[in-house]
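Enquirer: Protein chains in written order, with the numbering used here: chain X, 1 to 430; chain G, 1001 to 1991.
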């Protein structure tokens, strides 16, 4: 019983000041946070540091000392840890609310070539799943399309918004290409093996894709008559949009990168890359960053190192590649809030802890093209950051006390904390 | 030409015979008066015995006499078989020749839950009333394939159903009709675990359901005459055939053992079709006294020329190619009785060459011959008439050019019931060699090769090569030769009388008649023909289990002291620093400071954490099937029947510190199947994985899955939570009545019993009665508060308690009621939003239930999550502030309590089972890695060994890839890569 009271009072102390789940108002007052361990996001940290913010931006970062300006408020965060907001790459939160309920699914579009499809307009800024990410430190997310060979364009959102329009940080920043499968399920009644590599079919599909890219590219020269899908690919060829190449296996990765380079696509990002460690030279020489498969997955073959999913980031990082973490996979939306722990797991298997932080902050921002604005504690960037009781990559100590998006202090409550409080209240009455 | 060949192939001897009381209207009535004698052959009357220069005397399809000094009657046609070897024809016990596969009976889209046959068993897939004779129609084409492979008789059946009724035993004699060829119209009964395509009845939807169905059927058959009130033609049909040999078709290695187990339980000596991988778990087969029909469909090597694809092939698949030919030899070495079968071999003509591979791999020739002849004859109870060459036996024998298992030996003739079926066209005279051909004074050099099969010809004039063709059949040779370029052909033919002198006539290139002669100058070069014997590639070791991370030798228990660890005792002592834990004979001997014992090995655990092993209350790994959804109650099935000890996920679990798991049935129906509590003892057999003396459990389920809400299925009761309650009440009432019926029956004295119909033995009701009696415990899949509350009330109505609610995502809403009822909660740490009923699932659930005094566990229900349950435990610290010590119990002691095994495992205490995990860090830290996992004092997993094993795997892969490359270069056909696709089971997996 004592415990319950303790928990409740703890809860009340930190969370009664802001309106629950309602987006926070514009930050009118400047704020200095002092005494925290600053995890800058660039792989370094400052013990006992201070961060100042004004007008939604970071205005100073450094060791505790005389502030560079006057602040309306000062907040002591002694013994606590301060991080730039974590960034979830390749996520689908806000696109499906409940997996099993089809009406809540806005992800499964039909068609093969859908470059003109845009996730941003279907993104549900008020999703209960989205709000559940924030108490774990995830304040920014890339919302990606997932169906079709060319699935459409993704956008970056901040996670405290009234609607998709004010959620948007960067719209239509990249096109998603899901590389053809090399293997298909075998037909047991025909006596086929469980998985079959149908080379002819694969080559045909790749050829079709090759042709599609050629068509889109020449179309860009005239641009008439209007062809929505082709015109949606314009940015890919002029370098203003990235291409996210979703590929897991060695053959897919190599074929995919080769084809995109043949079409002079400038900004390629590899997503998934379970076999990326087998294609390091290619990735390295072309400076292709990787949104690496999350560690919470099983090895791909019976003989693969049982720790391979945990070790992959270390191997790729040692090779000098820029990485962030792919949150997709089984139960991906509800598990997106575990992003900090994916990074922590990579750290358990060799990635230095601050580099693991960098993966989901500055490197994520670089890969998504928002590092001018987000990803590190740096003067001039958005004041999108949070304070945790301890190491935010570890479940035991990932306890957020405050979080800010563009300087606005956001609510850390959710549908789930509401229910928690409601039932703790019920039992406290007994 | 084709017709001609067919005629010659049959015309050698014709001894048709028929019933002598049949009238004839075709001519005068005759019966075959003469004998046939085969002389000067090397006879092999039975495996291991040989008669040189022997004589075989036949009449009316049977052997009359055999021996060296057989007196040949005057009216015997004599065939000189000098140089030939004669063996009994093979016997195929598992054929489907002569049965057409029936058209599948698919109707509509919705699932059919009830039997469509009326007056028969309650399950359509029991077809014990079926008699093969009624459908059998002798099929010359498949008979010919089998005969050419050496078979003289086959036991053939219709492969439809779990009980398939009877087969027929037929001689592969194309010349007679059923009156002669049919050896036994009811030779055997056939069974399997596979449903019939004749009915869409869904049950059994899983291998464990098929096993339960078979058991229930055998019980019902025993009971039928004692108490049945209605007619059941399937059971009555079974009564007539139950003593016949029973042949069981199993589809894989584990199913073979499962069939053997059921056979043993019901005293039925099933003859089980083997998988070809029996060498992997030979002990289990010995245990169950299995008798097998062993296939020789050894796999082709993979095409390994593309390393990208090769990388995807599992080592176990590469090994299978290498090890499979050794299967028969291994079975023989272990004295497991078996016959060989061509079952599973697509190309029957390769049968003998496959058997030869088995012989090369160490199967003795005598054993091989026995497995083809005497053993199957005995199995089908025809030892006196089939399988050996002895008087009165059928004259079923094969003729070969040399000893049967020599590389170049071919089967030349297959005599069935005294009728010779030619396989290799054997001309009277072989005309291989170099000849001098003279036409009109011109000389040509002819080289003839392969004249006894497909002859080939080269023609030269002086040193100029000319065009020429040859054909040779029925004793006639014909040659077409172009004497010079751009000229016409000379067409020549002649009857061959002697091999060194050919002659005849024909026309020259200008069409004028000519005569020709050809005199042999040189004999054919015999040496070239003898094939070079190719040895089998070196066999790689079988490991336990037989995959990359298997043990070459199973590890044994270690006596060891962990020194100076931080020990999470889960006992009153709490977390002890700088503490030692002494393990002896598989148990924890002592926990304390500075434990020292002379001669006991120590492990320095300074800076490390030692915990009891993780226990996963809800897992679906290590099983061949998970859901039996064919009925709304499946209490009759048990996961213990379908443990798969080879599942790599067991090893992956060990790598995450898991030492005990409850493998639960899925959530397809309100009353699910019985579960198996196991320890992942990697390398051991299925039965050795079971947790000894654990209390029995069963899975129940509530909500969307049992209502079938999330997929289109609208015809199985229940479709609502209201109906779910009624299912439980109904079944428990029936179980009560069932118990009462047996109680009053058992109270009767013997006389009264004889007069009173006996109640039916019902596996399902037995299991439900155990629950009512507090002998079996429920772990119930549950989500929303209403249904959770309901089930507790149902249990209370029947005076028992629910043991565990699993998932229990709204447990926090009724934690007080749960606490009063005394039920535990095993939940996910933070899953939600995957379906409507988990909309209110919160990660604080564990903490709230815990604070209300409910025993709380965190489980996985997921092969991936289960290897990091330590991290999941830490989420109880994060969400709701549970103390670290208590949170750790969520994945160790508490699930042990929920499974009633906390007296054995779940904490570190002297006397308990030594199931321990050594971590490099605080066990709930995200940075913690399990370094060693021990079960019963045995290290089943060690991080450094697992890492070193990667090298071993890479090396062995290379060895096998090189072997396959050699095989490919040696001309072996290859197959494209498969990728092993392990199935991952969740609650919702439908089998």
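Yeah, the Cβ is synthetic: ideal placement off N, Cα and C, and Gly gets one too.
Is the beta carbon of residue 1153 of chain G sitting closer than 8 Å to the one on residue 1190 of chain G?
Expert: Position 153 of the second chain holds residue 1153 of chain G. Position 190 of the second chain holds residue 1190 of chain G. Against a cut-off of 8 Å, the Cβ pair of residue 1190 of chain G and residue 1153 of chain G comes out as no contact.
Enquirer: Can you list the residues of chain X that residue 1314 of chain G reaches, using a CB-CB cut of under 9 Å?
Expert: Your numbering for residue 1314 of chain G matches position 314 in the second chain. Correct list: 301, 302, 303.
Enquirer: List the DSSP bridge partners of residue 382 of chain X.
Expert: Indexing the first chain from 1 puts residue 382 of chain X at position 382. In the DSSP output, where bridge partners are listed per residue, residue 382 of chain X has X:57.
Enquirer: Could you tell me whether any Cβ in chain X is nearer than 8 Å to the Cβ of residue 1835 of chain G?
Expert: Working through the second chain from its first residue, we reach residue 1835 of chain G at position 835. Judged by the 8 Å Cβ criterion, residue 1835 of chain G is in contact with chain X.
Enquirer: Listing by chain order, which chain G residues have their CB less than 9 Å from the CB of residue 345 of chain X?
Expert: Working through the first chain from its first residue, we reach residue 345 of chain X at position 345. Those are 1868, 1871, 1926, 1927, listed as they occur along chain G.
Enquirer: Looking at chain X, which residues of the segment 1953-1966 of chain G have a Cβ within less than 7 Å of any of its Cβ atoms?
Expert: The residues in question are 1953.
Enquirer: List the whole-angstrom C-beta distance separating residue 1367 of chain G from residue 1394 of chain G, where the pair is believed to meet the contact cut-off of C-beta under 8 Å.
Expert: Indexing the second chain from 1 puts residue 1367 of chain G at position 367. Indexing the second chain from 1 puts residue 1394 of chain G at position 394. Going by Cβ atoms, the distance from residue 1367 of chain G to residue 1394 of chain G rounds to 23 Å, so no, they are not a contact pair.
Enquirer: Listing by chain order, which chain G residues have their CB less than 8 Å from the CB of residue 334 of chain X?
Expert: For the purposes of this step, residue 334 of chain X is taken as the residue at position 334 of the first chain. Per Cβ cutoff of 8 Å: 1830, 1831, 1832, 1833, 1834.
Enquirer: Taking 8 Å as the threshold (beta carbon to beta carbon), is residue 1852 of chain G in contact with chain X?
Expert: Along the second chain, read from residue 1 onward, the residue named residue 1852 of chain G stands at position 852. It does: the Cβ of residue 1852 of chain G has a partner Cβ on chain X nearer than 8 Å.
Enquirer: Please state whether DSSP places residue 1871 of chain G in a helix, a strand or coil.
Expert: Stepping through the second chain from its first residue, residue 1871 of chain G is reached at position 871. Helix at residue 1871 of chain G.
Enquirer: Closer than 8 Å is the cut-off here; do at least three beta carbon pairs connect the segment 135-144 of chain X with the segment 390-403 of chain X?
Expert: The segment 135-144 of chain X vs the segment 390-403 of chain X: in contact.
Enquirer: Can you look up residue 1528 of chain G in the DSSP assignment and give me helix, strand or coil?
Expert: The residue you call residue 1528 of chain G lines up with position 528 of the second chain. The predicted model places residue 1528 of chain G with a pLDDT of 47, which falls under 50 and marks its position as unreliable; any figure quoted below should be read in that light. Coil.
Enquirer: In three-state terms, what does DSSP make of residue 1617 of chain G?
Expert: Residue 1617 of chain G sits at position 617 when you count from the first residue of the second chain. Strand, per DSSP.
Enquirer: So, at 6 Å on beta carbons, what are the nonlocal neighbours of residue 1886 of chain G in its own chain, with the 5 sequence-adjacent residues on each side left out?
Expert: Residue mapping note: residue 1886 of chain G aligns to position 886 of the second chain, counting from 1. Excluding positions up to five away in sequence, the list is empty.
Enquirer: Using the beta-carbon of each residue, which ones in chain G are nearer than 7 Å to residue 248 of chain X?
Expert: As a position in the first chain, residue 248 of chain X is number 248, starting the count at 1. Neighbours of residue 248 of chain X on chain G: none; closest Cβ ~12 Å, over 7 Å.
Enquirer: What residue does the alpha helix (DSSP H) around residue 1310 of chain G start on, and which one ends it?
Expert: Here residue 1310 of chain G refers to the residue found at position 310 when the second chain is read from its first residue. Looking at the DSSP string, the run of the alpha helix (DSSP H) that includes residue 1310 of chain G is 1307-1310.
Enquirer: Fully enclosed by the segment 180-245 of chain X, which alpha helix (DSSP H) runs are 4 residues long or longer?
Expert: 199-222, 228-231, 234-238
Enquirer: Tell me, please, whether the CB atom of residue 1235 of chain G is closer than 8 Å to any CB atom in chain X?
Expert: In the second chain, residue 1235 of chain G corresponds to position 235, counting from 1. Not one chain X Cβ lies under 8 Å of residue 1235 of chain G.
Enquirer: Is there a Cβ of chain X sitting closer than 8 Å to that of residue 1322 of chain G, yes or no?
Expert: What you label residue 1322 of chain G is simply residue 322 of the second chain in a count that begins at 1. Closer than 8 Å: no.
Enquirer: Alpha carbons only, please: which of X:365, X:52, X:54, X:200 is nearest the one belonging to residue 269 of chain X?
Expert: The residue you call residue 269 of chain X lines up with position 269 of the first chain. The residue with the shortest Cα to Cα distance from residue 269 of chain X is X:365.
Enquirer: So, is the C-beta of residue 1198 of chain G closer than 8 Å to a C-beta in chain X?
Expert: Within the second chain, numbered from 1, the residue matching residue 1198 of chain G stands at position 198. Residue 1198 of chain G is outside the set of residues whose beta carbon lies under 8 Å from a beta carbon in chain X.
Enquirer: Residues in the same chain with beta-carbon distance under 8 Å from residue 1305 of chain G, minus the five sequence neighbours each way, listed in chain order, please.
Expert: In the second chain, the residue the question calls residue 1305 of chain G occupies position 305. 1965, 1968, listed in sequence order.
Enquirer: Near residue 1466 of chain G, what residues of its chain come up, given a Cβ to Cβ distance below 6 Å and the 5 sequence neighbours on each side ignored?
Expert: Your numbering for residue 1466 of chain G matches position 466 in the second chain. Within the same chain, residue 1466 of chain G has close Cβ partners 1459, 1482.
Enquirer: List, in order along the chain, the chain G residues whose C-beta lies closer than 9 Å to that of residue 141 of chain X?
Expert: Start at 1 with the first residue of the first chain, and residue 141 of chain X comes out as number 141. None at all; the shortest Cβ gap to chain G is about 16 Å.
Enquirer: With distances taken from CA atoms, which of G:1274, G:1696, G:1290, G:1569 is nearest residue 1613 of chain G?
Expert: Counted from its first residue, the second chain places residue 1613 of chain G at position 613. It is G:1569.
Enquirer: Report buried or exposed for residue 989 of chain G, applying the criterion of at least 16 other Cβ atoms within 10 angstroms of its Cβ.
Expert: Absent from the model: residue 989 of chain G. The displayed extent of chain G is 1001 to 1991, so no value can be given.
Enquirer: Can you grab the Cα-Cα spacing for the pair residue 1173 of chain G / residue 1225 of chain G, in whole Å?
Expert: Translated into positions along the second chain, residue 1173 of chain G becomes position 173. Translated into positions along the second chain, residue 1225 of chain G becomes position 225. Roughly 42 Å separates the two Cα atoms.
Enquirer: Is residue 1374 of chain G helix, strand or coil when you go by DSSP?
Expert: Position 374 of the second chain, counted from the first residue, corresponds to residue 1374 of chain G. Three-state DSSP puts residue 1374 of chain G in a helix.
Enquirer: With burial defined as no fewer than 16 other Cβ atoms inside 10 Å of the residue's Cβ, what is the status of residue 1528 of chain G: buried or exposed?
Expert: Taking the first residue of the second chain as 1, we reach residue 1528 of chain G at position 528. In this prediction, residue 1528 of chain G has a pLDDT of 47, which is less than 50 and means its spatial position is unreliable; nothing more can be read from the coordinates.
Enquirer: Consider the Cβ of residue 178 of chain X: report whether some Cβ of chain G lies at a distance smaller than 8 Å.
Expert: The residue given as residue 178 of chain X occupies position 178 in the first chain. Closer than 8 Å: no.
Enquirer: For residue 248 of chain X, which of X:257, X:242, X:348, X:240 has the nearest alpha-carbon?
Expert: In the first chain, the residue the question calls residue 248 of chain X occupies position 248. Of X:257, X:242, X:348, X:240, the residue nearest in Cα terms is X:257.
Enquirer: For residue 1850 of chain G, which residues does DSSP report across the bridge?
Expert: Indexing the second chain from 1 puts residue 1850 of chain G at position 850. BP columns for residue 1850 of chain G are empty, so no partner.
Enquirer: Would you decide whether residue 1729 of chain G is buried or exposed? Buried here means 16 or more other CB atoms lie within 10 Å of its CB.
Expert: Walking along the second chain from the start, residue 1729 of chain G turns up at place 729. Per the 10 Å Cβ criterion, exposed.
Enquirer: Relative to the C-alpha of residue 1319 of chain G, which candidate in G:1024, G:1985, G:1971, G:1956 has its C-alpha closest?
Expert: The residue labelled residue 1319 of chain G in the question sits at position 319 within the second chain. Measuring from the Cα of residue 1319 of chain G, the nearest candidate turns out to be G:1956.
Enquirer: So if I threshold CB-CB distances at 8 Å, which residues from the segment 1804-1829 of chain G count as touching chain X?
Expert: 1812, 1813, 1815, 1816
Enquirer: Cβ of residue 1127 of chain G within 7 Å of any heavy atom in the ligand SAH?
Expert: This structure lacks the ligand SAH; in fact it carries no ligand of any kind.
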